[in-house]
Amino acid sequence: MEAPVPTVTGWIARVTRTPLLGKLLVMDAALNVVAFLALHTTPPDLQEEVALLSLGVVLVLNLVLVGWALQPLQVLEETTWQVSQGDFGARARMPWIADRNLVRIGSTLNALLERIVSDRARVRSLAAQVVAAGDHERARIARELHDGTAQSLAALDMLLTATLGEVERPETRERLVAMQQIVGEALQEVRTLSHDVHPRVLDDLGLQAALASLVRRSRALTDAVVELQTSGLDEDLPREVASVAYRVVQEALHNALKHGEPTRVEVEVDAAEGRVRLRVHDDGVGFDAAGEAGGIGLFVMDERVGLVEGTLSIVSEPGSGTEVSAVLPVRP
């Protein structure tokens with residue numbers, strides 16, 4: 002089998018891929034030959050000027066060649082900086098003058114980035130399955146609490162009420178009343194737990210009704226003023242986007258009321274231009290968002306937002322309150 006004949010383009014590629022040291026040696030040797038010939042063909046009274054001119058040309062061409070040779074390093078530096086800022090779509094596109102070693106480094110970097118992107122997509126897919134399975138399980142538990150335990154407690158409450166009408170002894174009536182009170186409290190706790198685990202109103206009536214119910218129940222548990230402003234939520238949102246938006250608001254509101262000691266909490270959610278924007282701001286004690294590691298709730302919140310390719314921001318300083326904001330894209 003005959004070896005392929007190198008083309009002109011192939012020869013040019015080989016020359017340009019020569020390492021920097023080789024390029025400098027070849028160019029300096031060629032310039033020295035040219036300078037030698039020029040000096041020996043130049044009249045004696047002009048040889049000094051020709052020598053200085055040759056030296057200047059050599060220096061300029063060396064600077065140009067070194068500048069060209071450093072371009073691939075600048076490309077690698079810019080690519081790594083973009084990746085450090087979260088742009089995993091960045092790739093090192095090496096210039097034609099790059100020598101083969103730097104081209105090999107650039108190719109290796111690009112291959113690693115492709116692997117990272119693939120692994121991140123796989124992790125996102127697995128995380129989405131885990132979250133979806135968790136949501137389904139939460140919904141199942143909520144249904145069992147609502148349709149099973151809550152209904153049994155309600156039936157027991159009705160039975161106690163009927164029994165009270167048939168009992169005349171004061172001591173027995175007092176005990177029945179106490180039992181009825183305990184059953185009523187347990188029934189309320191089960192209903193609250195069922196709603197916290199998975200709000201059925203989110204599936205039945207949508208995000209706006211679910212947020213209104215969440216804020217209404219939060220107001221009953223705190224002395225702080227909790228305000229809700231929504232817009233654009235009348236249109237149907239994808240189920241996963243509505244679920245993420247609700248969970249982020251729920252977690253942010255829970256953290257604000259539990260840890261922030263606020264007097265006022267503002268919840269804003271609007272859908273427009275293919276995005277759902279939400280903001281939860283409180284005037285509480287705040288915390289060092291840059292220095293403190295977030296808890297599991299903040300981690301899960303960030304993961305949920307990432308599953309729908311959204312962005313989450315938490316801004317807080319001690320004594321300045323906390324603001325949690327997120328932007329969730331709505332894909333048709």
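For the sequence shown, my numbering gives the first residue as 2, with consecutive numbering after it. Here a beta-carbon is modelled for each residue, glycine too, at the ideal position from N, C-alpha and C.
May I ask you to list the residues that DSSP assigns as paired with residue i?
| i | result |
| --- | --- |
| E269 | Q230 and R280 |
| P330 | R276 |
| S108 | Bridge partners of S108: none, in fact. |
| Q313 | Note that residue 313 is Leu in the sequence shown, not Gln. A327. |
Considering only residues of the same chain and omitting the five flanking positions on each side of residue i, which have a CB-CB separation below 8 Å?
| i | result |
| --- | --- |
| P319 | V286, G287, F288 and D289 |
| V250 | L212, L215, V268, V270, L279 and V281 |
| T43 | V51 |
| A4 | No answer about A4 holds up, because its pLDDT of 47 lies below 50 and its placement is not dependable. |
| D29 | V59 and N63 |
| V84 | A91 and L114 |
| T193 | R218 |
If you check the beta carbons only, do residue i and residue j fall under 9 Å apart?
| i | j | result |
| --- | --- | --- |
| L146 | V198 | yes |
| R248 | V301 | yes |
| P73 | V27 | no |
| S219 | V266 | yes |
| L32 | V65 | no |
| A273 | G233 | yes |
| L299 | N256 | yes |
| D237 | P263 | no |
| S244 | D120 | no |
| E241 | L313 | no |
| T150 | V202 | no |
| V168 | L177 | yes |
| D148 | G185 | no |
| V118 | F89 | yes |
| S55 | A70 | no |
| D204 | A122 | no |
Within its chain, find whatever has a CB closer than 7 Å to the CB of residue i; leave out the 5 residues flanking it on each side and keep chain order.
| i | result |
| --- | --- |
| V6 | Unreliable positioning characterises V6 in this predicted model, as indicated by a pLDDT of 46, which lies under 50. The coordinate reading is nonetheless provided below. None. |
| R1 | This structure cannot settle anything about residue 1, because the visible part of the chain is limited to 2 through 333. |
Please confirm whether residue i has its beta-carbon closer than 9 Å to some beta-carbon of chain D.
| i | result |
| --- | --- |
| E269 | Here chain D cannot be found, since the structure has a single protein chain. |
Below 6 Å CB to CB, which residues in the same chain sit around residue i once its five sequence neighbours on both sides are set aside?
| i | result |
| --- | --- |
| V226 | R265 |
| D303 | L313 |
Between which two residues does the alpha helix (DSSP H) containing residue i stretch?
| i | result |
| --- | --- |
| H255 | R240 to N256 |
| T43 | Where T43 is concerned, there is no enclosing alpha helix (DSSP H), given that its DSSP letter is neither H nor E. |
| G185 | P171 to V198 |
| S153 | A151 to L165 |
| L146 | L146 -> no alpha helix (DSSP H), and no H or E assigned at all. |
| V202 | R201 to L206 |
Q.
For the structure I just gave you, are there three or more beta carbon pairs, one from the segment 214-226 and one from the segment 176-187, closer than 8 Å?
A. The segment 214-226 vs the segment 176-187: no contact.
Q) Using 8 Å as the threshold, is the segment 104-123 in touch with the segment 85-96, meaning 3 or more CB pairs across them? A) They touch, by the three-pair rule.
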